[in-house]
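J.: Converting from the sequence shown to my numbering requires adding 2 to each position, the first position being numbered 1.
Glycine included, each C-beta is placed from N, C-alpha and C at the ideal position.
Below is one structure. I have some questions about it.
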Amino acid sequence: MPNREAATRLNSRTATAAPPVAVKANFNSIYDRPDPRAYFRELYGLDYIIPELASPVFSALVSKLEQLRGRPLRILDIGCSYGINAALLQFPVDLDRLAKRYANMSESDIGPAQLAMLDRSYFRSWPRRQIEMIGLDASAPAINFARTTGVLHNGVVGDFENHPLPQEAKDHLSSIDLVISTGAVGYVTEKTFAKVMAAIGEPRPWVASFVLRMYDYGKIATSLQSTGLETEKLTSTTFIQRRFKSEDECREVTSRLTELGIDPAGKESEGLLHADFYLSRPGDAVAAQTLGDLVSVAQGTRRAFGRRYLNRPGEPIRLVR
Ligand SMILES: C[S@@+](CC[C@H](N)C(=O)[O-])C[C@H]1O[C@@H](n2cnc3c(N)ncnc32)[C@H](O)[C@@H]1O
């Protein structure tokens with residue numbers, strides 16, 4: 003049965019005022035390091051799991067769009083950092099595996115350049131999903147690292163909240179099929195999205211964003227609407243981003259949510275930041291399949307299971323670990 007209740011259309015009337023980024027803890031010092039070890043230590047240390055929870059959702063969208071476009075996709079990750087979404091989408095690795103890998107490589111033993119080359123070999127040793135990943139981030143070191151490891155095929159560095167997109171960046175962005183983001187809205191607003199969308203051109207991409215509940219997506223949705231995309235919010239599910247860093251952050255975020263009329267009970271009140279999922283698509287795609295049907299969230303799928311049988315369409319049954 004079509005799952006119409008699982009989504010709401012977003013328009014300017016559903017928009018709320020954007021809170022200052024300062025309500026949230028500040029992680030700027032870990033975004034600009036030459037490799038992701040501090041990033042993992044700090045954020046994974048706070049159980050930052052949104053890329054892991056987002057990955058099956060993005061993966062379902064990739065499958066659907068591949069089917070519609072009949073070719074491998076070009077995907078842009080806004081606020082991509084060290085390319086974690088790109089790694090999870092392309093390779094059969096999970097966040098736990100990556101975090102353990104980096105935790106075992108101390109900075110005193112292995113420098114960033116050597117780590118990037120080790121990662122390059124590491125990722126090459128896995129089977130890869132055929133997609134082209136482009137990253138956009140204000141951090142040049144993060145993009146450089148992800149490009150060297152090969153998880154990003156190309157990168158756009160810059161703060162497009164405050165600067166125009168250079169021509170070279172526009173060239174990288176043309177004909178992107180899917181725009182994704184996790185943990186980026188708040189840092190990036192409708193200003194960045196509008197510049198990116200203008201550079202992408204036709205056919206219009208789909209835009210899939212995981213957004214902390216305290217951030218307004220209304221202005222981004224309005225800007226996407228002016229490019230022909232309708233935005234829906236998945237209302238049946240929220241996605242845990244991480245736990246609060248401090249008592250102050252807990253107090254600030256929960257009171258901010260209450261001010262916005264969003265009830266933190268059972269979610270942020272339990273010590274965890276939650277994100278909503280938004281998908282923007284052309285109207286004909288929205289009419290053809292509901293968001294609730296497109297994104298069916300199965301819990302527990304990323305757990306490490308024992309040996310199991312796979313029976314995928316067009317493939318023989320096989321036993322995998
Ligand atoms: C919480 S991290 C999320 C990284 C990644 N998406 C993930 O989930 O692992 C936020 C990222 O936004 C980037 N960022 C901050 N301001 C930005 C801006 N104006 N434009 C692009 N990226 C920005 C930071 O450099 C950082 O990599």
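#1: If the criterion is Cβ atoms closer than 8 Å, does the pair L226 and M199 meet it?
#2: Locate the alpha helix (DSSP H) running through N87, then write down its first and last residues.
#3: Taking all protein chains shown into account, decide if K235 is buried (16 or more other Cβ within 10 angstroms of its Cβ) or exposed.
#4: Note down the Cα distance separating S238 from F147, rounded to an integer number of angstroms.
#5: Considering only their Cβ atoms, is the gap separating A186 from G81 smaller than 8 Å?
#6: So the candidates are R71, I52, N28 and S110; which of them puts its Cα closest to the Cα of L97?
#7: Pull up the DSSP beta-bridge partners for V213, would you.
#8: Is it true that the CB of I133 sits closer than 8 Å to the CB of V64?
#9: Assuming L154 contacts A88 (C-beta within less than 8 Å), just tell me the rounded distance between them.
#10: Relative to the alpha-carbon of Y104, which residue among Y219, I86, Y311 and D139 has its alpha-carbon at the smallest distance?
#11: Taking the alpha carbon of L262 as the point to measure from, which residue in D49, A290 and M216 has its own alpha carbon closest?
#12: If we ignore side chains and look at the alpha-carbon of each, how far apart do S110 and F246 end up?
#13: In whole angstroms, what separates the C-alpha of S14 from that of G230?
#14: Could you spell out where the alpha helix (DSSP H) holding E68 opens and where it closes?
#15: Got a sec, what are the start and stop residues for the alpha helix (DSSP H) D98 sits in?
#16: Am I right that L78 and I178 are in contact with their C-beta atoms under 8 Å? What's the rounded C-beta distance?
#17: In the structure shown, what three-state DSSP assignment does P284 receive?
#18: When the distance is taken between beta carbons, is S57 closer than 8 Å to L90?
#19: Have a look at L259 and P266 and give me their C-alpha separation to the nearest angstrom.
#20: Closer than 7 Å: is that where the CB of D173 sits relative to any heavy atom of ligand 1?
#21: Does the Cβ of V198 lie closer than 7 Å to at least one heavy atom of ligand 1?
#22: Starting from the C-beta of N313, find all residues in its chain whose C-beta is less than 8 Å away, skip the five residues before and the five after it, and write them out in chain order.
#23: Between the segment 205-221 and the segment 266-283, do at least 3 Cβ pairs fall closer than 8 Å?
#24: Which residue's Cα is closest to the Cα of V213: P205, S183 and T233?
#25: Bridge partners for I77 per DSSP, in chain order?
T.: Let me spell this out:
#1: On the sequence shown, residue 226 is found 224 positions in, with the first residue counted as 1. On the sequence shown, residue 199 is found 197 positions in, with the first residue counted as 1. Result yes, Cβ atoms of L226 and M199 sit closer than 8 Å.
#2: Taking the sequence shown and counting its residues from 1, one reaches residue 87 at position 85. Per DSSP, N87 belongs to the alpha helix (DSSP H) from I86 to Q92.
#3: The sequence position of residue 235 within the sequence shown is 233, counting from 1. The residue in question, K235, is buried, as its Cβ has 16 or more Cβ neighbours within 10 Å.
#4: Within the sequence shown, numbered from 1, the residue matching residue 238 stands at position 236. Within the sequence shown, numbered from 1, the residue matching residue 147 stands at position 145. Their Cα atoms are separated by approximately 36 Å.
#5: Position 79 of the sequence shown, counted from the start, is the residue given in the question as residue 81. Position 184 of the sequence shown, counted from the start, is the residue given in the question as residue 186. Contact flag set, yes.
#6: On the sequence shown, position 95 is the one that residue 97 refers to. When only C-alpha atoms are compared, the closest one is I52.
#7: Your numbering for residue 213 matches position 211 in the sequence shown. The beta-bridge partner set that DSSP reports for V213 consists of D278.
#8: Counted from its first residue, the sequence shown places residue 64 at position 62. Counted from its first residue, the sequence shown places residue 133 at position 131. Contact: yes.
#9: As a working note, residue 154 is residue 152 in the sequence shown. As a working note, residue 88 is residue 86 in the sequence shown. Indeed, because the Cβ distance is near 6 Å, the residues count as touching under 8 Å.
#10: The residue given as residue 104 occupies position 102 in the sequence shown. Closest by alpha carbon: I86.
#11: In the sequence shown, counting from the first residue as 1, residue 262 sits at position 260. Relative to L262, the option among D49, A290 and M216 whose CA is nearest is M216.
#12: Along the sequence shown, read from residue 1 onward, the residue named residue 110 stands at position 108. Along the sequence shown, read from residue 1 onward, the residue named residue 246 stands at position 244. Looking at the two C-alpha atoms, the distance is approximately 29 Å.
#13: For the purposes of this step, residue 14 is identified with residue 12 of the sequence shown, where counting begins at 1. For the purposes of this step, residue 230 is identified with residue 228 of the sequence shown, where counting begins at 1. Note that S14 scores 42 on pLDDT, short of 50, meaning its location in the model is unreliable and no value can be drawn from it.
#14: Your numbering for residue 68 matches position 66 in the sequence shown. For E68, the uninterrupted alpha helix (DSSP H) run begins and ends at I52 to R71, by DSSP.
#15: Stepping through the sequence shown from its first residue, residue 98 is reached at position 96. For D98, the enclosing alpha helix (DSSP H) has its first and last residue at L97 to A105.
#16: As a first step, residue 78 is located in the sequence shown; it is residue number 76 there, counting from the start. As a first step, residue 178 is located in the sequence shown; it is residue number 176 there, counting from the start. Contact between L78 and I178 is confirmed by a C-beta separation of about 5 Å, below the 8 Å threshold.
#17: For the purposes of this step, residue 284 is taken as residue 282 along the sequence shown, with counting starting at 1. Reduced to three states, the DSSP call for P284 is strand.
#18: The residue you call residue 90 lines up with position 88 of the sequence shown. The residue you call residue 57 lines up with position 55 of the sequence shown. Pairing L90 with S57 gives a Cβ-Cβ distance under 8 Å.
#19: As a working note, residue 259 is residue 257 in the sequence shown. As a working note, residue 266 is residue 264 in the sequence shown. Our two residues, L259 and P266, have alpha carbons roughly 7 Å apart in a direct line.
#20: Residue mapping note: residue 173 aligns to position 171 of the sequence shown, counting from 1. Because no heavy atom of ligand 1 lies under 7 Å away, the Cβ of D173 does not count as near it: no.
#21: By 1-based counting over the sequence shown, the position of residue 198 is 196. No, the Cβ of V198 stays beyond 7 Å of every heavy atom of ligand 1.
#22: Sequence index remark: in the sequence shown, residue 313 carries index 311 (1-based). For N313, where only same-chain residues beyond five positions count, the Cβ hits under 8 Å are I319.
#23: Using a Cβ-Cβ distance cut-off of 8 Å, the segment 205-221 and the segment 266-283 are in contact, since at least three pairs of beta carbons, one from each stretch, lie closer than that value.
#24: Translated into positions along the sequence shown, residue 213 becomes position 211. V213 has its Cα closest to that of S183, out of P205, S183 and T233.
#25: Translated into positions along the sequence shown, residue 77 becomes position 75. DSSP lists M135 and L180 as partners of I77.
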